[in-house]
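Participant: Just passing along the structure, written as structure tokens.
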């Protein structure tokens, strides 16, 4: 054992020497209650960052006792030390101490779910081979007892060779003992090796024979099972030349013709079953509410209907509950802006503060109600175990469009707002699926498209009855369906071209329903809000200020002071950079039937599509049109210099198609950048959607006007 | 390895069976073995989505969802009712 030479600090000196350098990793299966336990141990003060180059979050917290501080790193859930997904690769790399920017762990806190010892022990047994001091936290002991499972912890501890502490993370029972065990983890002897698979141990010993430096057994074992992969390069380089030459032969002898992972799984699970026979005692089960609920939702039809009800509630909540809050944010931004003008007068500075900074902050904060409400639901659904079931129920339908069941929540969420929808794609483990979903999400009709649709439909679509429906409602419905079709086609197209690849594995764990933990829900919710404000908020804010500057400068000196404020604003708009840009690009949009005013409104709307209404309101507030009271009236009355109307039906249809397709949302672009970790995807999405919108509007206008 | 007869895909709702042989050539099947679907394990068909695909199996208290195409790779011996 390599650690036996380590100098031990006698127990009585620990209080004198304040130690704060131990760093341990928290490892466990997904859904093992790992994060709840981590939050319980470390409290609200966590450092959330990212592992280098990937979007996997790194959670670090500290466990403080009277005389020590231990750093806890909460790793992504994993089933085995043979990594499968990106998350598992990261967990395994950190455990083996080969993750850039993260120090090798001094010990392991293994989280074992008492209701799922079968898969849990498969992982914990592998962890005991790492030659690191290890403590096992046996979680969900209350839920296990309720479902009739009693675990003999003393026997389990003896069989594993590591201390086992039963805890209930939700109530805090057993946590004090666990805390002191973690604080003293460095004084623990690493566990003895369990002879689960003697031939593997012998093969590893043969490889280690002539090596000049000490080799870790666990790494040799992974090399034997997974072969000389990228992750195992380090250990391969440490082998002696003879051992390196022997490797293929040793592997062949060990696994014969069987896939190594398959044999490894069979042998370890056989051992797990013998352990289960010894430590797990089944008591008579009485039917709990969980079992009854699960039983009902297990039937295919009630299950699917239940899913639709849940989705409808989520959609309604995000759509309806957020609106008053968003209106309030909008109104306070206007009030604040007006107050600034009142105090500071109408200067460039006050306009910067009011129309640039306050409006910019407002355009960031306005997303928060939707994000918080949607994520509250998603976190509740995820923590209660329902999200996995939703993915399972919808898998077949989503597969027919080239995605998998996990895409359903992000897609539905995007009807409210693509920003939280795209953030929600994190539940999709397969990268190709995830990017295809991200590309499809912005086509869903979000709540910012709705006011634009509503304005144009109210102004130009007659409210005639078609059957039992109103034509205006029908057009709106058509636009929603159009978005869905475009999104689905995009996902299909991408999965068939740039994102072509093997079908993602669909081995989904379906946990029992359980009550979510409030603290964990709140920590996750705050984390999401912070991520949005920090990463997307900065971009949105910057863009808002730039648009303000484009509309404000250059100032015209020659504006006639006699003009009323509406007309003055319109004149300023015309000669601002934005207005000039509208005139410059007018030839580009001319084939779509747009004049310079529509063009500059559309340009102004690229950072945030709903802005188009405000800009249209300003540019059409001049001349004859200004006599019309409402904006839709003004749009109807708008004419070109030759007297012909600007807003003809083909032009309006084209404009609607343009809006349905275009990615006019800086927040969405910022969040795509953030979630894919490259500018490639947001740039592609923007160009792709703009081209489709333009071509669609062109066809509508040209065919309609012909 | 050709697998005939009873497989995880032929089980009916509520039926229990013990896995006897696995066609493990497909990496996705190997992944399912890492999740605990190995020879000698008793599994129960718990539910299916509309259309019978995917299928939910329960083993030692945990639920795993499998697609039909993968379920066919696991040859099983059904456990007699009443066990």
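Chains as they are written, first to last, in my numbering: chain A, 15 to 720; chain B, 7 to 89.
For glycine and all other residues, C-beta sits at the position ideal for the given N, C-alpha and C.
1. Verify the contact flag: residue 85 (chain B), CB atom, against every heavy atom of the ligand ATP, threshold strictly below 7 Å.
2. Kindly indicate the opening and closing residues of the alpha helix (DSSP H) around residue 260 (chain A).
3. Can you give me the Cβ contacts of residue 89 (chain B) inside the same chain, cut-off strictly under 6 Å, excluding the 5 residues immediately before and after it?
4. Just curious, the beta strand (DSSP E) that residue 523 (chain A) is in, first and last residue?
5. Bridge partners for residue 72 (chain A) per DSSP, in chain order?
6. Return the CA-CA distance between residue 42 (chain B) and residue 278 (chain A), expressed in angstroms with no decimal places.
7. Judging by CA-CA distance, which residue of B:80, B:67 and B:81 is the nearest neighbour of residue 157 (chain A)?
8. Just how far apart, CA to CA, sit residue 14 (chain B) and residue 64 (chain B)?
9. Below 7 Å CB to CB, which residues in the same chain sit around residue 115 (chain A) once its five sequence neighbours on both sides are set aside?
10. Looking only at its chain, what residues have a beta carbon closer than 8 Å to the beta carbon of residue 418 (chain A), apart from the 5 residues adjacent to it on each side?
11. Would residue 174 (chain A) and residue 212 (chain A) qualify as a contact pair, given that the criterion is a beta-carbon distance under 8 Å?
12. Grab the span of the beta strand (DSSP E) containing residue 62 (chain B) for me, first residue to last.
13. Which residues of the region 252-275 of chain A have a Cβ closer than 8 Å to any Cβ of chain B? Give them in chain order.
14. Measure the C-alpha to C-alpha separation of residue 700 (chain A) and residue 452 (chain A) and round it to an integer number of angstroms.
15. Report the neighbours of residue 103 (chain A) on chain B: residues whose CB is nearer than 8 Å to its CB, in chain order.
16. Taking the straight line between their C-alpha atoms, what separation do you get for residue 464 (chain A) and residue 598 (chain A)?
17. Hey, does residue 28 (chain B) have any beta-carbon neighbour from chain A nearer than 8 Å?
18. Please confirm whether residue 97 (chain A) has its beta-carbon closer than 8 Å to some beta-carbon of chain B.
19. Express the C-alpha separation of residue 312 (chain A) and residue 321 (chain A) in angstroms, rounding to a whole number.
20. Quick one, which residues of the region 397-411 of chain A are near chain B if we go by CB-CB under 7 Å, in chain order?
21. Looking only at DSSP bridge pairs, what is residue 71 (chain B) linked to?
22. In chain order, what residues of the same chain lie with their CB nearer than 7 Å to the CB of residue 44 (chain A), ignoring the 5 residues before and after it?
23. Quick one: which chain B residues come within Cβ less than 9 Å of residue 523 (chain A)?
24. Sorted by chain position, which residues of the same chain lie with C-beta nearer than 8 Å to residue 185 (chain A)'s C-beta, five sequence neighbours on each side aside?
25. Which class does residue 484 (chain A) belong to by DSSP, given the choice of helix, strand or coil?
26. Per DSSP, residue 659 (chain A) is paired with what?
27. Going by beta-carbon coordinates alone, are residue 72 (chain A) and residue 63 (chain A) separated by less than 8 Å?
28. Grab the span of the alpha helix (DSSP H) containing residue 114 (chain A) for me, first residue to last.
29. Could one say the Cβ of residue 108 (chain B) lies closer than 8 Å to chain A's Cβ atoms, at least one of them?
30. Within a Cβ cutoff of 8 Å, which residues of the same chain sit near residue 26 (chain B), ignoring the five residues on either side of it in sequence?
31. So which residues on chain A does residue 45 (chain B) lean against when the C-beta distance must stay under 8 Å?
32. Indicate whether residue 375 (chain A) and residue 285 (chain A) have their beta-carbon atoms separated by less than 8 Å.
33. Residue 11 (chain B) CB to nearest chain A CB: under 8 Å?
34. At which residues does the alpha helix (DSSP H) containing residue 718 (chain A) begin and terminate?
35. Taking buried to mean at least 16 other C-beta atoms within 10 Å of its own C-beta, is residue 12 (chain A) buried or exposed?
36. In angstroms, rounded to a whole number, what distance separates the CA positions of residue 694 (chain A) and residue 79 (chain A)?
Facilitator: By the coordinates alone:
1. For the structure depicted, the ligand ATP is absent and the ligand set is empty, with no information on it obtainable.
2. 255-269 is the extent of the alpha helix (DSSP H) around residue 260 (chain A).
3. Here the model assigns residue 89 (chain B) a pLDDT of 45, short of 50, so the residue's position is not dependable, and the following value carries that caveat. Sequence-distant Cβ neighbours of residue 89 (chain B) in its own chain, meaning closer than 6 Å and more than five residues away, do not exist here.
4. Looking at the DSSP string, the run of the beta strand (DSSP E) that includes residue 523 (chain A) is 522-524.
5. According to DSSP, residue 72 (chain A) bridges with A:63.
6. Their backbone Cα atoms lie some 11 Å apart in a straight line.
7. Per the Cα distances, B:67.
8. Near 12 Å, if we compare the C-alpha coordinates of residue 64 (chain B) and residue 14 (chain B).
9. So the list reads 66, once near-sequence residues are dropped.
10. Closer than 8 Å at the Cβ level, and outside the excluded window around residue 418 (chain A), lie 405, 409, 412, 442, 444, 447, 518 and 520.
11. No, they are not a contact pair.
12. Unbroken beta strand (DSSP E) run through residue 62 (chain B): 61-65.
13. Of all residues in the region 252-275 of chain A, 272, 273 and 275 have a Cβ within less than 8 Å of some Cβ in chain B.
14. Rounded to the nearest angstrom, the two C-alpha atoms are 12 Å apart.
15. The contacting residues do not exist; residue 103 (chain A) stays about 14 Å from chain B at best.
16. Computed Cα separation, rounded: 29 Å.
17. Chain A contact via Cβ: present.
18. So no, residue 97 (chain A) is outside the interface.
19. If I take the Cα positions, the gap works out to 12 Å.
20. Flagged, chain order: 406, 407, 409 and 410.
21. A:522 and B:62.
22. Excluding its 5 nearest sequence neighbours in each direction, residue 44 (chain A) has C-beta neighbours in its own chain below 7 Å: 91 and 523, listed in chain order.
23. Within 9 Å Cβ-Cβ: 41, 68, 69, 70 and 71.
24. Scanning its chain for C-beta atoms nearer than 8 Å, with the 5 sequence neighbours on each side dropped, one finds around residue 185 (chain A) the residues 156, in chain order.
25. Correct three-state label for residue 484 (chain A): strand.
26. Beta-bridge pairing links residue 659 (chain A) to A:653.
27. When the beta-carbon positions are compared, residue 72 (chain A) and residue 63 (chain A) come within less than 8 Å of each other.
28. Segment: none, residue 114 (chain A) is in no alpha helix (DSSP H) and carries neither H nor E.
29. Coverage of chain B is limited to positions 7 through 89, which leaves residue 108 (chain B) absent and any answer about it impossible.
30. The beta carbon of residue 26 (chain B) is closer than 8 Å to those of 45, 81, 82 and 83 in its chain, skipping five residues each way along the sequence.
31. Ordered by position in chain A, the residues that pass the 8 Å Cβ test against residue 45 (chain B) are 280.
32. Cβ distance not < 8 Å, so residue 375 (chain A) and residue 285 (chain A) don't count as in contact.
33. Cβ-Cβ to chain A under 8 Å: no for residue 11 (chain B).
34. 694-719 is the span of the alpha helix (DSSP H), which, as asked, contains residue 718 (chain A).
35. Because chain A is modelled from 15 through 720, residue 12 (chain A) falls outside the range shown and cannot be assessed.
36. Cα to Cα, the separation comes out at about 47 Å.
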